[in-house]
Amino acid sequence: MPRTAQPGAPEYLTFSDISVDLAVRIPHLPAPDEKIAVVPAGEYAGGMAANAACAFAALGGRAGVVSAVGDDDHGSFSLADLAARGVDTRWVCKVDEPTFWTLALLGQDGDKTLLEFPMPAPALKYREFEFAALEGVRFIHVVADEGAPALGVLAEARRRGITTALDLETLGLEVPELNELLALTDVLFVNTAAARAFGSEPGLALEALHALGPNTILLTQGAAGCILRESSGLLLQISAHAVTALDTTGAGDCFAGAFAFGRVRGWPDPESAQLANLMAALSTTALGSRGHLATLEELGRAARADGLAVAARLP
Ligand SMILES: Nc1ncnc2c1ncn2[C@@H]1O[C@H](COP(=O)(O)OP(=O)(O)O)[C@@H](O)[C@H]1O
Ligand SMILES: [Mg+2]
35 MPRTAQPGAP EYLTFSDISV DLAVRIPHLP APDEKIAVVP AGEYAGGMAA NAACAFAALG
95 GRAGVVSAVG DDDHGSFSLA DLAARGVDTR WVCKVDEPTF WTLALLGQDG DKTLLEFPMP
155 APALKYREFE FAALEGVRFI HVVADEGAPA LGVLAEARRR GITTALDLET LGLEVPELNE
215 LLALTDVLFV NTAAARAFGS EPGLALEALH ALGPNTILLT QGAAGCILRE SSGLLLQISA
275 HAVTALDTTG AGDCFAGAFA FGRVRGWPDP ESAQLANLMA ALSTTALGSR GHLATLEELG
335 RAARADGLAV AARLP
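In this note's numbering, each residue's number is its place in the sequence shown (first place is 1) plus 34.
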C-alpha cells in the first residue's frame, strides 16, 4: 500500500546516492572473449542514502534524502519507490546526467561482482540544499566518498547540535578530506575492509579511528555481526542474527538507518546496535538492497527469540 511522506520535518536526513541496481545471474565470471547467457534477476531501487532513509522510515521514523537523479526512467522509478516507502524526497535535485545505476553479477553461491556506472557529481545537491532544512533534524548521515562538498553540512549540523554520522567504505579511503570529515563525525559506520586501513585488528582500528574524531563507532563485519565502540571506550561484540543470506547489498545502509532510529528515540547505544544488527541481517534474506525491510513487529519477534535486551522496546 503506497504511503506518502510523513508530515513534518524529517528527524533523519541522509546525503549521498540514489541508484537503480540491475542484477543478473551468471554461472561464472566471464573469461576474456567468452560469451555467456545470463538471466536477469531483477531491477531494484537502491543507493546508500536512499537505503538508509528507507530503513529509518520502515521503523516509523520521519526520513528524508538529499541526493540527485537524472530526468530518466531510473530517476522516476527511484523517486516513486522512495515516496511509496514514506521517504521525503523534496531535496532530491534533477540533474542533466543519467541516474546512477549499477550492474550486479550474481554468482552461484551468493557471491556478487558489482559494476558501478558514473554518478552525478556530489557537489550539486549540497549547493542546492539550504541549511534551513536542518530545522527539526536530529541525525544526519553522510557517506565519506562525498568528500569535500559534505564538510559544510557536517559543520552546520554540529553547530546546531544535530548528531552527525559518516559511513566509511573502501572508496571513502581515497577521499583527500577524509580526516576533516572524521573530525566532524559523532557516529562512524565502518566496514571490515575499510577498517583494515587503520589497524591490523579491530581493537587497534577502532582506537585509531576514535583518535580522528568519532566517539561512537560501529564496525560492521558482514556475517560475523558487528562491534560497537561505545563513547565510554567499551567494546561490545554482537554476533550476527542467523539467516540464509540471499543478497547482502545494502545491509550496511540498513544497519546505519536502524541504528540512527534507536539513537533518535533515545535508546542506549548497545540496544540500537542490536536493532541494527538484527534488521540488517533480515535485509539480506531477499534480493535487492531493500527487498526486505523488517517492521518493528518482526524485529520484536526476532529480538525475543535471540534473547536481546532491545526486545523490551519492541512490539
Ligand atoms: N550474511 C549475513 N548474515 C547476517 N547478518 C549480516 C550478513 N551480512 C551482513 N549482515 C549484517 O549487516 C551488517 C552490515 O554488513 P557489512 O557487510 O559489514 O556492511 P557493508 O555491506 O557496508 O560492507 C553486518 O554488520 C550484519 O549486522
Ligand atoms: Mg556499507
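Where is the CB? At the ideal position from N, CA and C, for every residue including glycine. Just so we're clear, the structure is a prediction, and the values are computed from it rather than from any experiment.
Residue i: CB within 8 Å of a non-hydrogen atom of ligand 1
i           : result
residue 141 : no
residue 19  : This structure gives no information on residue 19, because the portion of the chain shown stretches from 35 to 349.
residue 53  : no
residue 276 : yes
residue 203 : yes
residue 48  : no
residue 279 : yes
residue 81  : no
Residue environment, residue i, which counts as buried when at least 16 other CB atoms sit within 10 Å
i           : result
residue 307 : buried
residue 50  : buried
residue 248 : buried
residue 273 : exposed
residue 313 : buried
residue 275 : buried
residue 254 : buried
residue 70  : exposed
residue 305 : buried
residue 338 : exposed
residue 124 : exposed
residue 112 : buried
residue 115 : buried
residue 145 : exposed
residue 37  : The pLDDT assigned to residue 37 is 48, lower than 50, so where the model puts this residue is not dependable; a value taken from the coordinates is nonetheless given after this. Classification of residue 37: exposed, given that the 10 Å Cβ count is below 16.
residue 257 : exposed
residue 234 : exposed
residue 206 : buried
residue 61  : exposed
residue 109 : buried
residue 171 : buried
C-beta contact flag for residue i and residue j at 9 Å
i           : j           : result
residue 54  : residue 74  : no
residue 99  : residue 83  : yes
residue 48  : residue 97  : yes
residue 150 : residue 178 : no
residue 322 : residue 80  : yes
residue 148 : residue 137 : yes
residue 229 : residue 218 : no
residue 316 : residue 332 : yes
residue 46  : residue 174 : yes
residue 329 : residue 285 : no
residue 126 : residue 52  : yes
Residue i - DSSP class collapsed to helix/strand/coil
i           : result
residue 280 : coil
residue 273 : coil
residue 147 : strand
residue 249 : coil
residue 177 : strand
residue 329 : coil
residue 254 : strand
residue 171 : coil
residue 209 : coil
residue 223 : strand
residue 322 : coil
Check: residue i C-beta below 8 Å from any heavy atom of ligand 2
i           : result
residue 225 : yes
residue 313 : no
residue 254 : yes
residue 153 : no
Endpoints, beta strand (DSSP E) assigned at residue i
i           : result
residue 57  : 53-59
residue 122 : 122-129
residue 50  : Note, residue 50: premise wrong, no beta strand (DSSP E); not H, not E.
residue 311 : Here residue 311 belongs to no beta strand (DSSP E); instead the alpha helix (DSSP H) covers 303-317.
residue 101 : 97-104
residue 138 : 135-140
residue 201 : 197-202
Extent of the continuous alpha helix (DSSP H) to which residue i belongs
i           : result
residue 352 : Only positions 35 to 349 of the chain appear in this structure, which leaves residue 352 out of reach.
residue 263 : Element bounds for residue 263: not the alpha helix (DSSP H) but the beta strand (DSSP E), 260-263.
residue 111 : 107-118
residue 296 : 285-298
residue 159 : 157-162
residue 344 : Where residue 344 is concerned, there is no enclosing alpha helix (DSSP H), given that its DSSP letter is neither H nor E.
residue 186 : 185-193
9 Å Cβ cutoff, residue i in contact with chain D
i           : result
residue 233 : In the structure shown, chain D cannot be found, because there is only a single protein chain.
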